[in-house]
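What follows is a single structure, written as structure tokens, with notes after it.
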Amino acid sequence: MDPKPYPEETIQVPRFEESAGFYTTAKRSSNMSKIRAKNSLPELKLRKALWAKCIRFRIHPDNFPGKPDLIINKYRLAIFVDGDFWHGYNWEEKKTTLKTNSKFWIPKIERNMQRDRHINEQLNAKGYTVMRFWEHDVKENLGNYVNQVLLYIEAARSAVIPRFDG
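Residue 142 in the working numbering sits at position 138 of the sequence shown, and the numbers go up by one each step.
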């Protein structure tokens, strides 16, 4: 028997189906089907801004836990741009406001948060630093997050490359 991949008990998410008591409108279903896991607008903005600063990266690598949005292998940096709803921004307050299908959404979001913690641990064990940015923060303060990445890279460069002053 394989050891559990998660040290804590895995949160069980019920299947979203009418027989389990969950329902959705056709309009809501249509809106939800348009939500993308990759190449969201905040992620594209961050990628474009980093590329303009001559920061080169890989996107959504298959061989990394959690498929980070950006990987900068040279500096062992993994970057995620997390959706506010899907990853539980301000979760303790937000979960009390869910009106429909809360018996599905609460475990679903809490399971996503649990998986995020586990992915962070796996990447840290591989020697990577993980940066997670909220989508609304990237939209509102893109420059701050680009600077945060640049500061990390500058610190990593100075730690790796010995400097000789005369």
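Cβ coordinates follow ideal geometry from the N, Cα and C atoms, glycine included.
Which one of R80, K57 and E13 has the shortest CA to CA distance from V134? R80
C-alpha distance - K103 paired with P111, whole-angstrom precision: 14 Å
Within the same chain, show all residues whose beta-carbon is closer than 8 Å to that of L154, passing over the 5 residues directly before and after it, in chain order. K57 and I59
Can you give, in chain order, each stretch of the beta strand (DSSP E) that sits fully within the region 78-161 and has at least 3 residues? 81-86 and 133-138
How big is the Cα-Cα spacing for E158 and N151? 10 Å
Just to confirm, are L146 and A53 a CB contact at a threshold of 7 Å? Going by C-beta atoms, L146 is nearer than 7 Å to A53.
Spatial neighbours of P69 in its chain, beta-carbon cut-off 7 Å, leaving aside the 5 residues before and after: I123, Q126 and L127
Where does R60 sit, in a helix, a strand or coil, going by DSSP? coil
Where G131 falls, given that 16 or more other Cβ within 10 Å makes a residue buried: exposed
Can V142 and L50 be called in contact, C-beta distance under 7 Å? Contact annotation: V142 and L50 have beta-carbon atoms nearer than 7 Å.
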